[in-house]
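As structure tokens, the structure follows; a few thoughts come after it.
Number of protein chains: 2
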Amino acid sequence: MRGRGVRLVTRPKGEPTPADFELVEVEVPEPGDGEVLVRNRFLSVDPYMRGRMNDAKSYAEPYALGKVMHGGAVGEVVASKADSHAVGDLVLSAQGWREFAGGPASEFRVMPPSEHPSHYLGVLGMPGLTAYAGLFRVGAFTAGQTVFVSGAAGAVGSIVGQLAKLRGGTVVGSAGSPEKVAWLRDLGFDAAFDYHDGRVMDQLRRAAPDGIDVYFDNVGGEHLEAALDSLVVHGRAVICGMISQYNATEPSPAPRNLSTLIAKRLTVQGLLVGDHADLMPDFLEEVGGALAAGRLQARETVVDGIESAVEAFLGLLRGDNTGKMVVRLPEGTSA
Amino acid sequence: MRGRGVRLVTRPKGEPTPADFELVEVEVPEPGDGEVLVRNRFLSVDPYMRGRMNDAKSYAEPYALGKVMHGGAVGEVVASKADSHAVGDLVLSAQGWREFAGGPASEFRVMPPSEHPSHYLGVLGMPGLTAYAGLFRVGAFTAGQTVFVSGAAGAVGSIVGQLAKLRGGTVVGSAGSPEKVAWLRDLGFDAAFDYHDGRVMDQLRRAAPDGIDVYFDNVGGEHLEAALDSLVVHGRAVICGMISQYNATEPSPAPRNLSTLIAKRLTVQGLLVGDHADLMPDFLEEVGGALAAGRLQARETVVDGIESAVEAFLGLLRGDNTGKMVVRLPEGTSA
Chain C
578 MRGRGVRLVT
588 RPKGEPTPAD
598 FELVEVEVPE
608 PGDGEVLVRN
618 RFLSVDPYMR
628 GRMNDAKSYA
638 EPYALGKVMH
648 GGAVGEVVAS
658 KADSHAVGDL
668 VLSAQGWREF
678 AGGPASEFRV
688 MPPSEHPSHY
698 LGVLGMPGLT
708 AYAGLFRVGA
718 FTAGQTVFVS
728 GAAGAVGSIV
738 GQLAKLRGGT
748 VVGSAGSPEK
758 VAWLRDLGFD
768 AAFDYHDGRV
778 MDQLRRAAPD
788 GIDVYFDNVG
798 GEHLEAALDS
808 LVVHGRAVIC
818 GMISQYNATE
828 PSPAPRNLST
838 LIAKRLTVQG
848 LLVGDHADLM
858 PDFLEEVGGA
868 LAAGRLQARE
878 TVVDGIESAV
888 EAFLGLLRGD
898 NTGKMVVRLP
908 EGTSA
Chain D
578 MRGRGVRLVT
588 RPKGEPTPAD
598 FELVEVEVPE
608 PGDGEVLVRN
618 RFLSVDPYMR
628 GRMNDAKSYA
638 EPYALGKVMH
648 GGAVGEVVAS
658 KADSHAVGDL
668 VLSAQGWREF
678 AGGPASEFRV
688 MPPSEHPSHY
698 LGVLGMPGLT
708 AYAGLFRVGA
718 FTAGQTVFVS
728 GAAGAVGSIV
738 GQLAKLRGGT
748 VVGSAGSPEK
758 VAWLRDLGFD
768 AAFDYHDGRV
778 MDQLRRAAPD
788 GIDVYFDNVG
798 GEHLEAALDS
808 LVVHGRAVIC
818 GMISQYNATE
828 PSPAPRNLST
838 LIAKRLTVQG
848 LLVGDHADLM
858 PDFLEEVGGA
868 LAAGRLQARE
878 TVVDGIESAV
888 EAFLGLLRGD
898 NTGKMVVRLP
908 EGTSA
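As given, the protein sequences belong to chains C and D, one line each in that order.
For the first sequence, the numbering used here begins at 578 and goes up steadily by one.
For the second sequence, the numbering used here begins at 578 and goes up steadily by one.
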């Protein structure tokens, strides 16, 4: 059978454009022994995907040109020749931007049934665990400390801030629009600002006049420079993302204040969620519990239809999303 | 009584000049109860002093204008009204660039007699402990790893490289002249290069084609950028100094590759020796032992006379020294 998928066809220079992608019909094999066929319900678009579009050695292979974009997806098993998977099972997989996915059952992790299957791509998935591991393990945040998170209205940032509040911290967030800033205040952030409203360094100094203990970086550049300025002695910066840099064709000159690392004995550490899979049980208990109890909000920006996947991704890089950006595909009654 | 001292009289803009200092006669009080009078034998000039000449909040107060330059010195007690200190004792103190120092005995630490009292300002003092703590504690270096150290012919760098060799590492060093590079090879460095001979990034890639585990940074800027490029996954950069930046009036745009922190989950951490005083006994045992056994070289660049202290310091910032730069004062028979 066949279904639609989105391929990367050219490596973007700077900001990606729709012409870098194509929507095509792709063949989906009928399941053989031990295999399943899945109808995807939600596709994930994530900032890290921009990096993998470059032809540069990194932690993962670059995306192959002419192949369907890889990435997280949740869907429903519609045919199974594996004992482990039944038709109707909800599964999480990594085959990316395609309507149907198929292959060995081991590539499709069966998830508990959920009213919000897209949460497995966000608050209860990779972005949520990233927030949890970055704040608590890499950032070594503890109650009573002050955290600054950039990209605070994004999938990761919004969880970072809420987790810090739940564990007794003071939280400052930056975001890119008045609406996002208002939402951060709704979430209980102690302070929030729009980085368009003035120098980040000045706004952060005003928001956290006594400094910050932990910086959770999703943005890089001027935000990192401002954070280094505000971090206290022995403070820690967790480098999770640098979305301000991903489309850059020339590297940013900031931060220009790295010598402050010495005077304040700061630690700046990069984070990839894959190093922290062992935290998954603790994460699911704490974050899943808080979510179920209504003590944590998991907002999503939902775009409909695989034909909108590229636009969703481009919008993500522009900051159009509040919370996790997902692409919703229609339910079907059969394959 | 009186003795000569060197005062800071203006805050340097960019590279300091002799006009920023003045050599003056200063009053040295006769010791009162519990006090001592010391004739200094060696004065320390160190890169960190440049930072303290700026009027900027940092880990230590800026130097006061019109006061004698503070810093390490070793000398001999010439008068004592303290039971703890006898005339002839060798003492380490922090009163800086002056021929005579005096005050409460507690400010003058009695050191074991030594044929090389200046070692207490270098290999067996602050720079040596900096190297030890930075390499082993902050850098978490272990046998079999590859270390890159910049400013490798300096007081700290030359100890870093030798300690890494003694503990079974592979060591690459950079320095600023062919003579220094030759000395690094004499010290047993596996590779050494002159950073004037080409892009640091290119030279480092050639010297350590399989990457580096630990970078010990004394230089900053392009050196740090190159090191981030060469660090392996989970590699660590110890930021001890950024001498390339100290005279900068505009912050450096490098490193421009900070996003590699994420892909490689690097840790970049600032180091101040004051945090690591607890390591002193271990340090003295290992480094003192290696020095006594002739397994570690402690080269010095010695400049004579307090009237040369400013020139020694300016030369240090220009990289005139190989090993520790000290100012030697004449021996005296009495105060």
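Note that CB positions come from ideal geometry on N, CA and C, so glycine has one too.
- The contact set of residue 623(D) on chain C, defined by CB atoms closer than 9 Å, is empty, because the minimum CB distance reaches about 13 Å.
- In this structure, 902(D) is the residue among 902(D), 657(D), 739(D) and 906(D) with its C-alpha nearest to the C-alpha of residue 624(D).
- Distances from the alpha-carbon of residue 665(D) to those of 725(D), 633(D), 855(D) and 654(D) put 654(D) closest.
- Straight across, the Cα-Cα distance linking residue 848(D) with residue 749(C) is about 27 Å.
- Not a single C-beta of chain D is nearer than 8 Å to the C-beta of residue 898(C).
- Residues of chain C whose Cβ lies closer than 7 Å to the Cβ of residue 849(D) are, in chain order, 839 and 842.
- Against chain D, the CB of residue 792(C) has no partner CB under 8 Å away; the residue lies outside that interface.
- Against chain C, the beta carbon of residue 805(D) has no neighbour under 8 Å; the closest one sits roughly 10 Å away.
- Pairwise C-beta distances place the segment 784-798 of chain D in contact with the segment 810-821 of chain D, as three or more of them are shorter than 8 Å.
- At a cut-off of 4 residues, the continuous stretches assigned as alpha helix (DSSP H) that sit fully inside the segment 624-705 of chain D are 625-629.
- Rounded to whole angstroms, the separation of the alpha carbons of residue 803(D) and residue 776(D) is 9 Å.
- For residue 819(D), there is no enclosing alpha helix (DSSP H), as DSSP marks it with neither H nor E.
- Within chain D, the residues whose beta carbon sits less than 8 Å from that of residue 819(C) are 835, 836 and 839, listed in sequence order.
- At a cut-off of 8 Å, the C-beta of residue 830(D) has a neighbouring C-beta in chain C.
- Taking C-alpha positions only, residue 581(C) is separated from residue 805(D) by approximately 41 Å.
- By the Cβ neighbour-count rule, residue 594(D) is exposed, with fewer than 16 other Cβ atoms within 10 Å of its own.
- The beta carbon of residue 787(C) does not come within 8 Å of any beta carbon belonging to chain D, so the residue lies off that interface.
- If you look at residue 600(D), you'll find it in the beta strand (DSSP E) that goes 598-604.
- Sorting 908(D), 787(D) and 827(D) by C-alpha distance to the C-alpha of residue 808(D) places 787(D) at the top.
- Bounds of the alpha helix (DSSP H) holding residue 783(D) are 777-784.
- Chain-ordered, the chain C residues with CB closer than 8 Å to the CB of residue 797(D) read 835 and 836.
- Taking the Cα positions, residue 886(D) is about 18 Å away from residue 731(D).
- Beta-bridge partners of residue 898(D) (DSSP): none assigned.
- Using a Cβ-Cβ cut-off of 8 Å, residue 809(C) does not count as an interface residue toward chain D, since no Cβ of chain D sits closer than that to its own.
- Around the Cβ of residue 850(C), a 10 Å sphere holds 16 or more other Cβ atoms; the residue is buried.
- Under DSSP, residue 834(C) shares a beta bridge with no residue.
- A Cβ of chain C is located within less than 8 Å of the beta carbon of residue 845(D).
- For residue 829(D), the three-state secondary structure derived from DSSP is coil.
- Counting only Cβ-Cβ distances below 9 Å, residue 736(D) has no contacts in chain C at all, with the closest Cβ about 18 Å away.
- Contact between the segment 604-620 of chain C and the segment 656-673 of chain C is present: three or more C-beta pairs spanning the two stretches fall below 8 Å.
- 635 and 636: these are the residues of the segment 628-661 of chain D whose beta carbon lies less than 7 Å from some beta carbon of chain C, given in chain order.
- 852: these are the residues of the segment 852-884 of chain D whose beta carbon lies less than 7 Å from some beta carbon of chain C, given in chain order.
- The alpha helix (DSSP H) runs of length 4 or more contained entirely in the segment 716-756 of chain C are, from start to end of the chain, 732-743.
- Under the 10 Å beta carbon count, residue 790(D) is surrounded by 16 or more other beta carbons and is classified as buried.
- Bounds of the beta strand (DSSP E) holding residue 769(C) are 768-771.
- In this structure residue 710(D) does not touch residue 740(D) by the C-beta definition: roughly 11 Å separates them, more than the 8 Å allowed.
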